[in-house]
Amino acid sequence: MIKDSVKQSMEELFPPPAEPVVEEAPAEETEEEEAGAKKKKAAKKAEPRLNGVLERDYKTFGYHLDIQLDPGELLAAVLILDKADFFIESITGVDWIKEDQLEVIYDFSRYDFDACRVVIRTRTPRSEPSVPTITKIFAGANWHERETHDFFGIKFEGHPHLIPLLLPEDADFHPLLKDFKP
Amino acid sequence: MSAPIQIQPGETFTLNVGPQHPATHGVLRVKMEMDGEYIVKAETVLGYIHRMHELMGENRTYPQVLPNLSRLDYLGAMGYTHGHVLAVERAAGIEVPERAEYVRAIMVELNRIASHLFWFGAFVMDLGGFTPLMYAIEDREYILDMLEAVTGSRLTYCYFRFGGLYNDIDDDFVNAARAFIPRMRKSLKKYAALVTGNIIFEKRLKDIGPISAEMCRKYGASGPVARGSGIDFDVRKNEPYSVYPEFDFDIPVYHECDSLARYMVRMDEMEQSLRIVEQGLDKLPDGPIMPKKKPKLIKPAAGDYYQAVETARGSFGIRIVSDGTKNAYRFKLRSPTYSNMHMFDEACRGMMIMDALAMMGSLDLVIPEIDR
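In order, the protein sequence lines correspond to chains A and B. Taken in order, the first sequence gives residues 877 to 1058; the numbers are from this note's numbering. Taken in order, the second sequence gives residues 41 to 412; the numbers are from this note's numbering.
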């Protein structure tokens, strides 16, 4: 199973304390736990998710592996997927304005009957959003990153041609930010 | 009179194709850097028909955004609305009655044939043959009439509902669909005799516009473009959804990687879609078309949901990030031709301009779907 081997190599990216926990319930709160923080867990609901690999129920969510990491580890994770013959499906963003963060979501899948969809998430501060580009690994990320830059203003460091793609060429607004006023 | 412009050897000039050029089938613009007849570099300029469906998806409730989906791709709209209803059903946990699932599959496959038929006509017209378009439109008209009688619209369908359908099919539809299958099989033979073996047609497409399997992977190509490059990938088989596992059909794959391979994939796909329609009509169960229990207001639990479907152009994906309210927090549409067209910049380097336009036709572009 490709899913298990990818999961294993992804887990090596994370330092030992952040142990991955299999999440089965469709509830959104993550159940990452450390020995000391057990008591607090029950009281908190919207605790921000810690970095790590989660296995998701495909029937409920539509993907198998859900990985959250820091922008610095992004290239290493994408390289693992490139080596395992994944293709890039899309890149997009989400504006979490309450947490003052922008999330960048990368979707990968395989041309294979051993279906395995992998979602990589990374978060960047809203005031100066920036993540490294993956165009050097997947050339097809070019347009997806330009589109995400259009809509959210996220800067993809090292992108060869970061000009508006879908918006007008002189656009200086980012319509999918939650505080955007037309 | 000024002297004619002399171009020095090695010097290039810029050629602007579009945004209103008949070969681009819509408002697509390509800036080409040319060395004589050869393309050095091409840069695609998008956005001429950008409508920001993703923001509309955040501002409207889930049922309100359903008609938007059919405005993405006016040739194969049924497949896109199918993706949306499946995504919301997955997020909100709505059960679909079996009859509705079968009718959906029949409708999507008929619409796929209609889409491929129009592509076939327009593609051959790009290459200089006008007659096949007339034949193709006649067959397509038959499908559109059938679909119009049930759905109420000819192109931009809003026929599916969360949990089922808007309207049940009647005997007239079933009879018309049954009569259509042998008629279409005869037409496919006619097209093969008229176009496929034609020597001019073959010379224009064979070994033209090569796209390797590795390039498909790097750009995330899908649909007939990937299958023409020897990739056995079809969401209906790889990640089965709806009732597709119940049907016996094949995925045509060609390994030549050229424009002719992509043409052959689509021609074979029409036959496979006919097989699905035929089996769907045979197996069509009786019963309700809407579930008994359905939430009045659709409010999926907070979370991040993804659904991919195989449309006429390739793998179409919908991501719904829900915060538990009646509107989506984020509504992302992943369109297949976006990725397929992205390859054009790299694939057309060093090609003659006529060959590049033939290759562009073989990608089956629908611009509103790229720009969203």
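Glycine included, every Cβ here is placed at the ideal spot set by N, Cα and C.
Over what stretch of residues does the alpha helix (DSSP H) that includes ILE163/B continue unbroken?
At residue 163/B the sequence reads Phe, which differs from the Ile that was named. Start and end: 138-166.
Per the contact definition of three or more C-beta pairs closer than 8 Å, is the stretch 282-293 of chain B in contact with the stretch 192-210 of chain B?
Contact fails: fewer than three Cβ-Cβ distances are below 8 Å.
Decide yes or no for the touch test of the stretch 317-327 of chain B against the stretch 291-303 of chain B: beta carbon pairs closer than 8 Å, at least 3 of them.
Segments in contact, no.
Applying a beta-carbon distance threshold of less than 8 Å, which residues of chain B neighbour ASP933/A?
Going along chain B, no residue has its Cβ under 8 Å from ASP933/A, so there is no contact; the nearest lies around 11 Å.
So is ALA960/A in contact with chain B if we call contact Cβ pairs under 8 Å?
Cβ-Cβ to chain B under 8 Å: no for ALA960/A.
I need the straight-line Cα distance from ALA352/B to GLY119/B, nearest angstrom please.
Between ALA352/B and GLY119/B, the C-alpha separation is close to 7 Å.
What does MET92/B touch in chain A if you count any residue whose Cβ is under 7 Å from its own?
Neighbours of MET92/B on chain A, chain order: PRO1051.
Considering only residues of the stretch 200-252 of chain B, which uninterrupted alpha helix (DSSP H) runs meet the minimum length of 4 residues and lie entirely inside it, listed in chain order?
Listed in chain order, they are 211-231, 239-245.
Does LYS333/B come out as helix, strand or coil in the three-state DSSP assignment?
Three-state result, LYS333/B: coil.
So, is SER1003/A buried or exposed, given that buried needs 16 or more other C-beta atoms within 10 angstroms?
Flag for SER1003/A reads exposed.
Over what stretch of residues does the alpha helix (DSSP H) that includes LEU930/A continue unbroken?
Segment 928-931 is the beta strand (DSSP E) holding LEU930/A; no alpha helix (DSSP H) there.
Would you call GLU1021/A buried or exposed, if buried means 16 or more other Cβ atoms sit within 10 Å of its Cβ?
Classification of GLU1021/A: buried, given that the 10 Å Cβ count is 16 or more.
On the CB-based measure, 16 or more other CB atoms within 10 Å of its CB, does GLU975/A come out buried or exposed?
Exposed, by the Cβ-count rule.
Grab the span of the beta strand (DSSP E) containing TYR114/B for me, first residue to last.
Neither: TYR114/B is in no beta strand (DSSP E) and is coded neither H nor E.
For the stretch 106-126 of chain B, which residues have a CB atom closer than 7 Å to at least one CB atom of chain A, in sequence order?
Under the 7 Å Cβ criterion, the stretch 106-126 of chain B contributes no residue.
Alpha carbon to alpha carbon, how far is ARG180/B from ARG223/B? Give it in angstroms, no decimals.
Roughly 12 Å separates the two Cα atoms.
Jot down the residue ranges of each uninterrupted beta strand (DSSP E) in the stretch 342-367 of chain B, minimum 3 residues, whole runs only, in chain order.
The qualifying runs are 343-350, 355-362.
Leaving out five residues before and five after GLU155/B in sequence, what residues of the same chain have Cβ atoms less than 6 Å from its Cβ?
Here residue 155/B is Ser; the residue named in the question, Glu, does not match the sequence. Excluding residues within five positions, the ones whose Cβ falls inside 6 Å are LEU115, GLY116, ALA352.
Count the other C-beta atoms from every protein chain shown that fall within 10 angstroms of the C-beta of SER881/A, then say buried if there are 16 or more, exposed otherwise.
Exposed, since its Cβ has fewer than 16 Cβ neighbours within 10 Å.
Could you check whether the stretch 994-1002 of chain A touches the stretch 928-944 of chain A, counting it as contact only if at least three pairs of C-beta atoms, one from each stretch, sit closer than 8 Å?
Yes, they touch.
Using the DSSP secondary-structure output, state which residues sit across from ARG69/B in a beta bridge.
VAL85/B.
Is HIS1050/A buried or exposed, if buried means 16 or more other CB atoms sit within 10 Å of its CB?
By the neighbour-count rule (16 or more Cβ atoms within 10 Å), HIS1050/A is buried.
Mind checking which residues open and close the beta strand (DSSP E) that includes ARG997/A?
Segment 994-1001, the beta strand (DSSP E) holding ARG997/A.
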